[in-house]
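Engineer: Just passing along the structure, written as structure tokens.
2 protein chains.
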Amino acid sequence: MSERAPETTNGGTEQRLLEAAGEIFAEHGYRNATVRQICEKAKANLAAINYHFGDKDGLYLAVLRHLNKVRSERNPINKGLSSQATAEQKLRAFISALLHRILDEDSPDWHMKLCSREMIEPTRALDTMVEESVRPLERELESIVRELLGPAADNQRVRLSALSIVGQCVFYHHCRSIISRLFPREKYGSPESIDILVEHVTRFSLAALGNMAKQNKPKAR
Amino acid sequence: MSERAPETTNGGTEQRLLEAAGEIFAEHGYRNATVRQICEKAKANLAAINYHFGDKDGLYLAVLRHLNKVRSERNPINKGLSSQATAEQKLRAFISALLHRILDEDSPDWHMKLCSREMIEPTRALDTMVEESVRPLERELESIVRELLGPAADNQRVRLSALSIVGQCVFYHHCRSIISRLFPREKYGSPESIDILVEHVTRFSLAALGNMAKQNKPKAR
């Protein structure tokens, strides 16, 4: 950061580079994308990348952070919750935020394409993103699930139940090409259907956790 | 199929072509892979592809069918079930088959890589595969879920509940790069952990369906 800002740098260059890089990385993958392509698309020069992001690695990580920031600011996981919210209300809000983040149609196409690429061919940036963004969400969900399962539930059950909830949601992203072919009229995964999905995943998960909590309770002698 | 079998064709050529094509398609994607690359890898000539598969499209569809055949023969969904099996037993067997198919470590790497590619950038072959292979599985699962939810459940609830079950399973494939970073010691998704996952997904799903069935029952007056 001791370098002088190149002349092309202005308020918009960093933003333009992030958007251009996101599209190029999503299209060609981290390894095949070149900074030259990104500069051309952003109408910026190499010095601007170096100044703002250090190198290609730094730019890539900045793109993932940017993407995550946009999506999580638009759909915070505690949206509309009061401080006295019950665990049931917290679970519904969590599922709603997750499904909205995944199925947000207003986001540029490259967002989810880049996420999919990172799932199949992870880069080093994924280690950072998991610690910064995924682990806090996982902890939050585990604490809600623990409350719903009750004190008798062991850590493994809490963790696997949290994963069962996330799995039901992210399915509508990863398997959308199959779901849309299986049920072309249902439009599962479309923005109009988000409310239906939030209601269903919440109901299915609360039913599971409630029943398991009951099974866990020590029987009265 | 009126063409004469080319001289290189023998019992093993078709098989070699399927395996070579699977690897090349998984590596480069359907669009970028060339039949020349596949011929070189399989040590076969273009006439052999034409004879056995018609063209690149035909070869690609044959690869997907081959992959599906191998995985479903190894893990049939009614494995070990008697004709008097209960819906609970059928659900467990279904979940077990699905998780084993997804997490089968003895399958070549290209199997799941090719499936992932097809999810992100579907080809026309996916339409065929969904009708031939996915829809029958979905119908089977819906019929098990319908039995467990009882007659009061509507079609949408049955369908979404079936998707909730599949979502919990395929999650361990699609999100394995995140899961392995979140819980490096747990080895979720590894073959050793399959039994734990089968037990958990079955228990979570049965708890959900059982509780929802109870909520659906008309109350006695």
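Chains as they are written, first to last, in my numbering: chain A, 1 to 221; chain B, 1001 to 1221. Backbone N, C-alpha and C fix where the C-beta goes; we use that ideal spot for every residue, glycine too.
1. Please classify Gln168 (chain A) as buried or exposed, where buried requires at least 16 neighbouring CB atoms within 10 angstroms.
2. Quick one: complete alpha helix (DSSP H) runs, 4+ long, within the region 1019-1051 of chain B?
3. Are the C-beta atoms of Leu163 (chain A) and some chain B residue less than 8 Å apart?
4. If I'm right that Asn216 (chain A) touches Leu149 (chain A) with Cβ under 8 Å, what's the distance once you round it to whole angstroms?
5. Determine whether the beta carbon atoms of Val63 (chain A) and His1174 (chain B) lie at a separation below 8 Å.
6. In chain order, what residues of the same chain have a beta carbon less than 7 Å from the beta carbon of Lys56 (chain A), not counting five sequence neighbours either side?
7. Any contact of the region 1059-1076 of chain B with the region 1009-1024 of chain B, i.e. 3+ C-beta pairs under 8 Å?
8. As an exercise, report each continuous alpha helix (DSSP H) stretch of at least 4 residues that is fully enclosed by the region 45-101 of chain A, in chain order.
9. Identify the continuous alpha helix (DSSP H) that holds Leu1210 (chain B) and give its terminal residues.
10. Quick one: using the 10 Å Cβ neighbour count with 16 as the cut-off for buried, is His28 (chain A) buried or exposed?
11. Whether or not the region 134-144 of chain A and the region 105-122 of chain A are in contact is what I'm after, with contact meaning three or more pairs of Cβ atoms, one per stretch, closer than 8 Å; do they touch?
12. Taking 8 Å as the threshold (C-beta atoms), are Gly22 (chain A) and Leu114 (chain A) in contact?
13. Would you kindly check if the distance between the Cβ of Phe94 (chain A) and the Cβ of Leu141 (chain A) is under 8 Å?
14. Taking three-plus beta-carbon pairs below 8 Å as touching, is the region 116-133 of chain A in contact with the region 82-91 of chain A?
15. What does Arg135 (chain A) touch in chain B if you count any residue whose Cβ is under 7 Å from its own?
16. Check whether the Cβ of Phe204 (chain A) lies closer than 8 Å to any Cβ atom in chain B.
17. For Cys175 (chain A), does the three-state DSSP call read helix, strand or coil?
18. Would you identify the three-state DSSP class for Asp1106 (chain B), choosing helix, strand or coil?
19. Need the endpoints of the alpha helix (DSSP H) that Arg1139 (chain B) sits in, please.
20. Can you pull the chain B residues whose beta carbon is under 9 Å from the beta carbon of Ile144 (chain A), in chain order?
21. Please report the straight-line C-alpha distance between Ser193 (chain A) and Asn45 (chain A), rounded to a whole angstrom.
22. Kindly say whether Cys1115 (chain B), judged by its beta-carbon, lies nearer than 8 Å to any beta-carbon of chain A.
23. Kindly indicate which three-state DSSP category Asp127 (chain A) falls into: helix, strand or coil?
24. Give the straight-line distance between the Cα atoms of Asn1155 (chain B) and Pro1122 (chain B), rounded to the nearest whole angstrom.
25. Anything in the region 14-43 of chain A with a Cβ closer than 9 Å to a Cβ of chain B? List those residues in chain order, please.
26. Taking only beta-carbon atoms, is Glu192 (chain A) less than 8 Å away from chain B?
27. Give me the chain A residues within the contact set of Val1201 (chain B), using Cβ-Cβ distance strictly less than 9 Å, ordered along the chain.
28. Which chain A residues sit within Cβ distance under 9 Å of Phe1094 (chain B)?
29. In or out: Ser1143 (chain B) buried (at least 16 other Cβ within 10 Å) or exposed?
30. In terms of alpha-carbon separation, which member of A:Asn32, A:Gly12, A:Leu67, A:Asn68 lies closest to Ala42 (chain A)?
31. Run through DSSP, which three-state label would Ala162 (chain A) get?
32. Hey, would you say Leu1091 (chain B) sits closer than 8 Å to Thr1202 (chain B), going by beta carbons?
33. Note down the Cα distance separating Arg74 (chain A) from Ser96 (chain A), rounded to an integer number of angstroms.
34. For Ile76 (chain A), which residues in chain B fall below 7 Å Cβ to Cβ?
Structural biologist: In brief:
1. buried
2. 1035-1042
3. yes
4. 7 Å
5. no
6. Val35
7. yes
8. 46-53, 56-74
9. Checking the sequence shown, residue 1210 (chain B) turns out to be Gly, not Leu. Residues 1194-1216.
10. exposed
11. no
12. yes
13. yes
14. no
15. Leu1182
16. yes
17. coil
18. coil
19. 1135-1149
20. Correct list: empty, because the minimum Cβ distance to chain B is about 15 Å.
21. 43 Å
22. no
23. helix
24. 28 Å
25. none
26. no
27. Leu160, Ser164, Gly167
28. Within 9 Å Cβ-Cβ: nothing; Phe1094 (chain B) doesn't reach chain A, min ~16 Å.
29. exposed
30. A:Gly12
31. helix
32. yes
33. 12 Å
34. The question names Ile, yet the displayed sequence has Pro at residue 76 (chain A). The premise fails here: Pro76 (chain A) is roughly 21 Å from chain B at the closest Cβ pair, so nothing lies under 7 Å.
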